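Asks:
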Amino acid sequence: MYAVYILKCNDNSYYTGLTNDLDKRIWQHDTGFFPECYTFKRRPLKLVWVTIIETAAEANNLERRIKGWSREKKEALINDDIEELKRLSNYKKKTHEALRQAQGQIDYLIIGQGISGTWLSYYLQKANKTFLVIDNNQLNSASRIAAGLISPVTGRRIVKAWMINEFLAFVVPAYEEFGNELGIKTIEQKSLIDFHPTPQMKLAFDERLKENAEFLFQPKDQQLYAGSFNYDFGFGEVDPCYVVNLSDVMEAWRKKLLSDNHLLEEDFEIDKLQQTEKGVNYKNIKAEKIIFCDGISSAQNPFFKALPFALNKGEAILFESAGIPSTHIFKKGMMLTAVQDDLYWIGSNYLWEFPDDRPTEQFRRQTELHLKNWLKAPFRIVDHKASVRPANIERRPFVGLHPVYKNIGILNGMGTKGCSLAPFFARQLTEHLISGEEILPEADIKRFTRILMR
Ligand SMILES: Cc1cc2nc3c(=O)[nH]c(=O)nc-3n(C[C@H](O)[C@H](O)[C@H](O)COP(=O)(O)OP(=O)(O)OC[C@H]3O[C@@H](n4cnc5c(N)ncnc54)[C@H](O)[C@@H]3O)c2cc1C
23 MYAVYILKCN
33 DNSYYTGLTN
43 DLDKRIWQHD
53 TGFFPECYTF
63 KRRPLKLVWV
73 TIIETAAEAN
83 NLERRIKGWS
93 REKKEALIND
103 DIEELKRLSN
113 YKKKTHEALR
123 QAQGQIDYLI
133 IGQGISGTWL
143 SYYLQKANKT
153 FLVIDNNQLN
163 SASRIAAGLI
173 SPVTGRRIVK
183 AWMINEFLAF
193 VVPAYEEFGN
203 ELGIKTIEQK
213 SLIDFHPTPQ
223 MKLAFDERLK
233 ENAEFLFQPK
243 DQQLYAGSFN
253 YDFGFGEVDP
263 CYVVNLSDVM
273 EAWRKKLLSD
283 NHLLEEDFEI
293 DKLQQTEKGV
303 NYKNIKAEKI
313 IFCDGISSAQ
323 NPFFKALPFA
333 LNKGEAILFE
343 SAGIPSTHIF
353 KKGMMLTAVQ
363 DDLYWIGSNY
373 LWEFPDDRPT
383 EQFRRQTELH
393 LKNWLKAPFR
403 IVDHKASVRP
413 ANIERRPFVG
423 LHPVYKNIGI
433 LNGMGTKGCS
443 LAPFFARQLT
453 EHLISGEEIL
463 PEADIKRFTR
473 ILMR
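The sequence shown: position 319 = 341 (the numbering used here), numbered continuously.
1) Within the same chain, show all residues whose beta-carbon is closer than 6 Å to that of N414, passing over the 5 residues directly before and after it, in chain order.
2) Looking at the structure shown, is C263 part of a helix, part of a strand, or coil, going by DSSP?
3) Using the C-alpha atoms, what's the distance from A448 back to E460?
4) Just checking N414 against ligand 1 - is the residue's beta carbon closer than 7 Å to any of the ligand's heavy atoms?
5) Grab me the residues of D289's own chain with a C-beta within less than 6 Å of its C-beta, minus the 5 sequence neighbours each way, in chain order.
6) Any heavy atom of ligand 1 inside 7 Å of the beta-carbon of M436?
7) Who are the Cβ neighbours of K151 in its own chain at under 7 Å, not counting the five residues just before and after it?
8) Please classify K96: is it buried, with 16 or more other beta-carbons within 10 angstroms of its beta-carbon, or exposed?
9) Quick one: Cα of V426 to Cα of R230, how far?
10) What span of residues does the beta strand (DSSP E) with N434 cover, start to end?
11) Helix, strand or coil: how does DSSP classify Q362 here?
12) Assuming the contact rule is C-beta atoms closer than 8 Å, L365 and E390 should be a hit. Round their C-beta distance to whole Å, please.
13) Within the same chain, show all residues whose beta-carbon is closer than 8 Å to that of A226, passing over the 5 residues directly before and after it, in chain order.
14) Starting from W3 and walking both ways along the beta strand (DSSP E), at which residues does that stretch end?
15) Got a sec? Which residues, its chain only, sit under 7 Å from F446 by beta carbon, not counting five neighbours each side?
16) With a threshold of 16 other CB atoms inside 10 Å of the CB of N162, please say whether the residue is buried or exposed.
17) Within its chain, find whatever has a CB closer than 7 Å to the CB of G139; leave out the 5 residues flanking it on each side and keep chain order.
18) At a threshold of 7 Å, does N112 count as lining ligand 3 (C-beta to nearest heavy atom)?
19) When every heavy atom of ligand 1 is checked, does at least one fall within less than 7 Å of the C-beta of E337?
20) Rounding to the nearest angstrom, what Cα-Cα distance links P241 and K354 in this structure?
21) Does DSSP put W141 in a helix, a strand or coil?
22) Determine which residues share a DSSP beta bridge with G369 and list them.
23) Based on Cα-Cα distance, which residue from C263, F257, K300 lies nearest to M223?
24) Note the first and the last residue of the continuous beta strand (DSSP E) segment covering E198.
25) Based on Cα-Cα distance, which residue from T298, T208, N234 lies nearest to A274?
26) Taking DSSP as the reference, what is the three-state secondary structure of E135?
27) Taking I292 as the reference, give the member of L280, N323, S92 with the closest Cα.
28) Three-state secondary structure (DSSP) at L29?
29) Alpha carbon to alpha carbon, what distance is there between A98 and I104?
30) Report the rounded CA-to-CA distance for E199 versus P174, giving the unit in angstroms.
31) So, under 8 Å CB-CB, I215 and Y264 are touching, yes? Tell me the CB distance rounded to an integer number of Å.
32) Run the proximity test for G90: is its beta-carbon closer than 7 Å to any non-hydrogen atom belonging to ligand 1?
33) Which of helix, strand or coil does DSSP assign to Q244?
34) In this structure, how does DSSP classify E229 when only helix, strand and coil are distinguished?
35) Closest by CA to N234, which one among V260, N101, F217?
36) Kindly give me the distance between the Cβ atoms of Q297 and N429, rounded to whole angstroms, as I take these residues to be in contact under 8 Å.
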């Protein structure tokens, strides 16, 4: 048996949770047992609603749905006001219905508003195309967990990342333009201070320096960060790197889509998709083409599941600390970057086999120990997140139209590099859709024609 419950916090906000031992969980909330929990700083708390559910899957589903509800709707549930609950549900349904009706015939239906769907809809709008985005606002989608880093080098040998010069030349001005249009700061240039975790890694860095590798530098003053960090084998510097403010980029674009009536916030149900002579029908939307930008969901999609996805789970921790310079990105095995004043992101791990997409105790313990050894200042963990990257075996994106179903396309497979790949390939896909421009062969799904035709 599982309990889904709602607590009222001392700042009047609501917290929705799920447990298989309600008494113990309430005690944990009340005593502040989990310092990183949302309720920790908002005690005292009051249990205002609870329901018992038999299966974990149903309980999970209900918890997720309530978490997405408005405050008004949560209060109708707490007050057992069924009429109001129905009214609010119908209101949302009617708004959605009206939006669908109003859309009638559109050029493109886009599924997913992660970083891929954001950029694709941005470029389609610039090209004056009509479109609708459907996104279910999944709280732990990859784009909502990522740090937003773009590094020009990669791997243990610190080699130049694939096509990085072309990507940087395109994406940096693209993010800046996006930010200017929406009035937000989207991207910041920072260098990466790479603390060598072992003598072997120092050697690898020094070897690359000897080869005059682009982007790598050796700062003279190796004591520069000794006030903030413990390190035994020195550090190198990677410059330039960039940090994309992903949460602001996606939230500003979500608001813009909503205000332009271009976004439906709901689950897309693939069994309701029909292909017609002129395009596709979905419920009462008629579109010339549908493009899937739905991250890991595409690995289950009947049209694209044959693509060689190699989904990969990653976790990250948010912690508070003082005394870490926010002027750089830091790395020692893991990446560390400032999110806002005194709040930092550290991650990540790469798991190819995983039972679910939840944060693991093992990562939390390892990261906590790593921070204890690495940082000079005390720290406090405030959140722990996990997500699954839409990665693939080749480490190249999946872009283009299906070789058989010409009205069905995909922009996906961004792996660990969504921030640099998504804008570039969203633009290529837009030009391909509008004027038939070629997509880069390494990214075009044409390379999988044989397996997609099976
Ligand atoms: C811990 C971690 C750290 C990372 N750090 C970085 C980094 O620093 N830099 C970097 O470049 N990349 C990073 N990545 C990788 C990056 O997150 C991904 O490459 C990128 O976010 C993929 O974006 P996407 O839009 O293709 O997919 P997603 O972000 O998964 O977006 C898919 C969207 O589709 C929606 N959706 C899915 N199914 C449905 C459905 N049935 N109905 C309606 N909507 C649906 C989801 O809600 C979501 O909004 C990181 C990933 C992880 C996990």
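From the three backbone atoms N, C-alpha and C, an ideal C-beta is built for every residue, glycine too.
None of the values given here were measured: they were computed from a predicted structure.
Replies: Answer, in terms of the structure:
1) Contacts found: P330, F331, A332, G435.
2) In this structure, C263 counts as strand in the three-state DSSP scheme.
3) Distance between E460 and A448, taken at the CA atoms: about 13 Å.
4) Result no, Cβ not under 7 Å from ligand 1.
5) These residues qualify, in order along the chain: N158.
6) Residue side-chain check: M436 places its Cβ nearer than 7 Å to a non-hydrogen atom of ligand 1.
7) Only residues of its own chain outside the window of five on either side were considered, and among them D129, Y130 have a CB closer than 7 Å to the CB of K151, listed in chain order.
8) So K96 ends up on the buried side.
9) Each residue's Cα considered, the two are about 46 Å apart.
10) From DSSP, the beta strand (DSSP E) with N434 extends over 430 to 434.
11) Here Q362 sits in strand by DSSP.
12) Beta-carbon to beta-carbon, L365 and E390 are separated by about 16 Å, too far to satisfy the 8 Å threshold.
13) Only R178, R179, I180 meet the Cβ criterion.
14) With the chain running from 23 to 476 in the structure shown, residue 3 is simply not present.
15) Listed in chain order, the non-local C-beta contacts of F446 below 7 Å within the same chain comprise F189, F192, V193, local neighbours out to five positions each way being set aside.
16) Its Cβ having fewer than 16 others within 10 Å, N162 is exposed.
17) The answer, listed in chain order, is I132, V155, D157, C315.
18) Ligands displayed in this structure: ligand 1; ligand 3 is not among them.
19) At least one heavy atom of ligand 1 falls within 7 Å of the beta-carbon of E337.
20) In this structure, the straight-line span from the alpha carbon of P241 to that of K354 is close to 16 Å.
21) Shown here, W141 sits in a helix according to DSSP, grouped into three states.
22) According to DSSP, which records beta bridges pairwise, G369 is partnered with A338, M357.
23) Ranking the options by Cα distance to M223, first place goes to F257.
24) From DSSP, E198 is part of no beta strand (DSSP E) but of the alpha helix (DSSP H) over 186 to 204.
25) Of the candidates T298, T208, N234, T208 places its Cα closest to the Cα of A274.
26) The amino acid at residue 135 is misidentified as Glu; the sequence shows Gln. Correct three-state label for Q135: coil.
27) Closest by alpha carbon: N323.
28) In the displayed model, L29 falls within a strand according to three-state DSSP.
29) Distance between the alpha carbons of I104 and A98 is about 7 Å.
30) In a straight line, the C-alpha of E199 is about 21 Å away from that of P174.
31) Contact flag wrong, Cβ pair sits at about 15 Å.
32) No, the beta carbon of G90 sits no closer than 7 Å to any heavy atom of ligand 1.
33) Q244: coil per DSSP, three-state reduction.
34) Judged by DSSP in its simplified three-state form, E229 adopts helix.
35) The shortest C-alpha separation from N234 is found at V260.
36) Right, their Cβ atoms sit about 7 Å apart.
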